[in-house]
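Q:
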Amino acid sequence: MLTSLPVSIYDPPRLQILRFAIITQCSRILTTPPLCENHMTEAPLPHPSVFLGQQRLKVIRGYRVHEQRTPSQDIHVITPSQTIGPFFGVGLVRPGDEDLACKQPRGARAEGTPIIIQGQVMDENGKPVRKALIEVWQANRWGKYEHPDDTTQAPLDPNFKGWGRALTDSQGRYTFRSIKPGAYPNPGYDNWMRPPHVHFSLFAAGLMQRLITQMYFPGEEYNDIDPILNGVEDLRARASLIARRMPDEPEGTQVYQFDIVLRGSQETPFFVEGK
1 MLTSLPVSIY DPPRLQILRF AIITQCSRIL TTPPLCENHM TEAPLPHPSV FLGQQRLKVI
61 RGYRVHEQRT PSQDIHVITP SQTIGPFFGV GLVRPGDEDL ACKQPRGARA EGTPIIIQGQ
121 VMDENGKPVR KALIEVWQAN RWGKYEHPDD TTQAPLDPNF KGWGRALTDS QGRYTFRSIK
181 PGAYPNPGYD NWMRPPHVHF SLFAAGLMQR LITQMYFPGE EYNDIDPILN GVEDLRARAS
241 LIARRMPDEP EGTQVYQFDI VLRGSQETPF FVEGK
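Counting in our numbering, the sequence shown runs from 1 upward without gaps.
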């Protein structure tokens, strides 16, 4: 075993330090037991994720002290995220929430062509998604939103609520009643008319954030030139945003089918939520 090397008290101090370092390192090499072949699996190093960054760094001489490195207070622990739902359905959707065309149940109705929007929410395997919370909002027949940020000159309808909420049933089905929305000019852009459409927001168990999409009506003149709709390059995906016209109700109410697929090759296009 290597224990020492000849040392002279007359050697320069730098050489003495170097000799001592060599002796120490060689001793460590010779006395350390060899690693087994599968040492990484038997004694893995701690994963970096175990260091949560909740402790303040120590003050080290030579490093400038500042709030980012050595904060004066303990670091806040980030609240972990969880999936959305399942929902406690009692009171979540009130009677009349599925009707956008009146502000009170059985109250006066908004002007315009009455419509029904119905559909089914499914996963990638075609299985229905029950208890998904769907919220919708749209403009009135003149293309005016019931919202203070809509400063266009189009008239408001005193009976038009303009938003709705519904939970899917055990088969993933939902239904809304409304009036067909009108087209409107997109503020801040020249020659951009938005075709009639309905905004959809969807929450469901297993989702980390809500999903946003838009439903369009078949045969509208502005569909083919709308930058948002035509921004979906895949033709199949784009077509899935256009509702299917179903047979009208006996009293003349137009019925539209709009199915939503959450994942997979048939996934409905979803949009980034605006700020």
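Cβ coordinates follow ideal geometry from the N, Cα and C atoms, glycine included.
Given 8 Å as the limit, is there contact between the stretch 222–231 and the stretch 140–160, that is, 3 or more CB pairs closer than that?
A: Too few Cβ pairs lie closer than 8 Å, so no.
Q: Could you tell me which residues DSSP pairs with residue 165 in its beta bridges?
A: Answer is 135.
Q: Determine whether the Cβ of residue 230 lies closer than 7 Å to any Cβ atom of chain C.
A: Considering every chain present, this structure includes no chain C. It has just one protein chain.
Q: How many whole angstroms separate the CB atoms of residue 192 and residue 181, which I take to be in contact at a CB cut-off of 8 Å?
A: About 16 Å; that fails the 8 Å criterion.
Q: Could you check the C-alpha separation between residue 104 and residue 137 for me, to the nearest Å?
A: Their Cα atoms are separated by approximately 16 Å.
Q: How close, in whole Å, do the beta carbons of residue 168 and residue 93 come, if the pair is a contact with beta carbons under 8 Å?
A: Contact doesn't hold; Cβ gap of about 11 Å is too wide.
Q: Using CA atoms only, rank isn't needed, just tell me which of 25, 77, 218, 101 is closest to residue 156.
A: Taking only the C-alpha atoms, the option nearest residue 156 is 101.
Q: Pull up the DSSP beta-bridge partners for residue 117, would you.
A: Paired residue(s): 176, 256.
Q: Kindly give me the distance between the Cβ atoms of residue 253 and residue 116, rounded to whole angstroms, as I take these residues to be in contact under 8 Å.
A: Confirmed, about 6 Å.
Q: Nearest-angstrom Cα distance between residue 240 and residue 73?
A: Whole-angstrom Cα-Cα distance: 52 Å.
Q: Can you round the beta-carbon distance between residue 212 and residue 273 to whole angstroms, since I take them to be within the 8 Å contact cut?
A: Indeed, because the Cβ distance is near 5 Å, the residues count as touching under 8 Å.
Q: What are the boundary residues of the alpha helix (DSSP H) that includes residue 212?
A: Taken as a continuous stretch (DSSP letters only), residue 212 belongs to no alpha helix (DSSP H), being part of the beta strand (DSSP E) at 211–216.
Q: How big is the Cα-Cα spacing for residue 219 and residue 125?
A: So the alpha carbons of these two residues sit roughly 30 Å apart.
Q: Check this for me: beta carbons of residue 145 and residue 139, under 7 Å apart or not?
A: Yes, the Cβ-Cβ distance between residue 145 and residue 139 is below 7 Å.
Q: Am I right that residue 196 and residue 217 are in contact with their C-beta atoms under 8 Å? What's the rounded C-beta distance?
A: Sure, about 5 Å apart at Cβ, within 8 Å.
Q: How many angstroms separate the CA atom of residue 159 from the CA atom of residue 171?
A: Cα to Cα, the separation comes out at about 32 Å.
Q: Check residue 22 in the structure and name its three-state DSSP category.
A: Looking at residue 22 - three-state DSSP - the assignment turns out to be helix.
Q: With H, G and I counted as helix, E and B as strand and the rest as coil, what does DSSP make of residue 224?
A: Helix, per DSSP.
Q: With a threshold of 6 Å on Cβ separation, who are the neighbours of residue 259 within its own chain once the five nearest residues in sequence on each side are excluded?
A: These residues qualify, in order along the chain: 119, 120.
Q: Looking at the strands, I want to know which residues DSSP matches up with residue 201.
A: DSSP output for residue 201 lists 135, 212 as bridge partner(s).
Q: Do you know whose CA, among 27, 257, 112, 166, lies nearest residue 204's CA?
A: Nearest option by C-alpha distance: 166.
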